[in-house]
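Colleague:
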Amino acid sequence: MTLDGEIIRQQKELAYVIDHYSEGTHSTAITSLKFIRSNGESQPVYSIYNPSLCIVAQGSKLIMLGQESYQYNPASYLVASVHLPITGQIIQASPQHPYLSLQLDFNTEQIVDMLKEFHFEWNHKEGSSRGLMVSKTSPSLLDAVLRLVRLLDTPQDIPVLAPLIIREILYRILKDEQRASILQFAVSGSSAQRIAKVITLINRDYAKPLRIDELATAASMSASSLHTHFKEVTAMSPMQYQKQVRLQEARRLLLSDIPEAANAGFQVGYDSPSQFSREYARMFGLPPLSDIKRLRDSLSLRDS
């Protein structure tokens, strides 16, 4: 069998497993693994990506980070190395050929362990790079992923074998030529590792006023250096990052039946209802209440 033929066979098997186990977004017996299935193309979906590997078995997806776009499909995989506010849109799917993908979460500690053991090369002088990458899928990576998802058929094996296979999957990713976008966050004292600390602080305290001087101190950087490295990693400024986190959380609160849009704005850190409504509409296309009505109407149609 040719290399291309082997990849096609692996993709078909992976698609079969995901299709068998999932409807919509589906958690699995492997805690860090979930499946996503959709019978059609989607409207833009706003979310915060965890550090994770995303593989499409069938269909195609477009990801927006800041003003940048990333498209991935069965020929490629996507890795987010740090928490990032993104806009995702399924752009190829149908009832006959649904969109089928998986997401495998990981953490920096797992990468640190790999770095210590295998001494992967990384040139820290290159500075920070984007915390999101798309790379070409390989048979060796798909083989490891398939062995992981097959464990769902023998759940008694998951506690012993899943950690070993996940470790192999991470190893395969770290052998990729774009490994620097992951390794940079595992190197103690690197600019990216310090930016990851700032990202954690912003996500934890997103409702509080953004104090660049305090964030710079936490990162042991000057304010200008913080801004530069933060934008290299996230494709946006700290202020833009916080705004996306705030507005995504406000939208989640509104969908959870918060009575007034202004209350959601206050809860995520806005003092001015008019500013909240204006920035919300700029991001989601409609003012808060109109947007939530549209979302609920679309959910009702989908469930009917």
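Residue 16 in the UniProt record's numbering sits at position 16 of the sequence shown, with consecutive numbering throughout. Cβ coordinates follow ideal geometry from the N, Cα and C atoms, glycine included.
1) Looking only at C-alpha atoms, which of Ser22, Arg172 and Ala162 sits nearest to lysine 136?
2) Which value, in whole angstroms, describes the spacing of the CA atoms of arginine 251 and alanine 264?
3) Using CA atoms only, rank isn't needed, just tell me which of Gln275, Asp257 and Ala262 is closest to leucine 295.
4) Kindly indicate which residue of Ser52, Gln96, Gln89 and Gly66 has the alpha-carbon position closest to the one of leucine 78.
5) For serine 290, does the three-state DSSP call read helix, strand or coil?
6) What residues are listed by DSSP as bridge partners for threonine 25?
7) In the DSSP assignment, find the alpha helix (DSSP H) that holds tyrosine 280 and state where it starts and stops.
8) With DSSP run on the structure shown, which of helix, strand or coil describes serine 188?
9) Leaving out five residues before and five after isoleucine 199 in sequence, what residues of the same chain have Cβ atoms less than 7 Å from its Cβ?
10) Going by DSSP, which residues form a beta bridge with alanine 250?
11) Say whether the stretch 17-30 touches the stretch 144-159, bearing in mind that this needs 3 or more beta-carbon pairs closer than 8 Å, one atom from each stretch.
12) Taking the C-alpha atoms as reference points, what is the distance between glutamine 110 and serine 274?
13) Helix, strand or coil: which one does DSSP assign to methionine 89?
14) Just the Cα atoms here: how many angstroms apart are glycine 59 and aspartate 213?
15) Which of helix, strand or coil does DSSP assign to aspartate 105?
16) Need the endpoints of the beta strand (DSSP E) that valine 56 sits in, please.
17) Counting C-beta neighbours from all protein chains within 10 Å, is the total for aspartate 291 16 or more, i.e. buried, or is it exposed?
18) Identify the residues that DSSP records as bridge partners of valine 134: which are they?
Modeller: Straight from the coordinates:
1) The option with the nearest alpha carbon to lysine 136 is Arg172.
2) Between the alpha carbons of arginine 251 and alanine 264 lies a distance of about 8 Å.
3) Checked all of Gln275, Asp257 and Ala262; the closest Cα to leucine 295 is Asp257.
4) Of Ser52, Gln96, Gln89 and Gly66, the residue nearest in Cα terms is Ser52.
5) Residue state, collapsed to three classes: helix.
6) Paired residues: Ile36.
7) First-last of the alpha helix (DSSP H) with tyrosine 280: 273-284.
8) Here serine 188 sits in coil by DSSP.
9) Taken in chain order, the residues that qualify are Val82 and His83.
10) Note: alanine 250 sits in no beta bridge, so no partner.
11) Segments in contact, yes.
12) Roughly 44 Å between the two C-alpha positions.
13) Before going on, a small fix: residue 89 reads as glutamine here, not methionine. Three-state result, glutamine 89: strand.
14) Across the structure, glycine 59 and aspartate 213 are spaced so that their CA atoms are roughly 44 Å apart.
15) DSSP places aspartate 105 in strand when its eight states are reduced to three.
16) For valine 56, the enclosing beta strand (DSSP E) starts and ends at 52-58.
17) By the neighbour-count rule (16 or more Cβ atoms within 10 Å), aspartate 291 is buried.
18) In the DSSP output, where bridge partners are listed per residue, valine 134 has Leu78.
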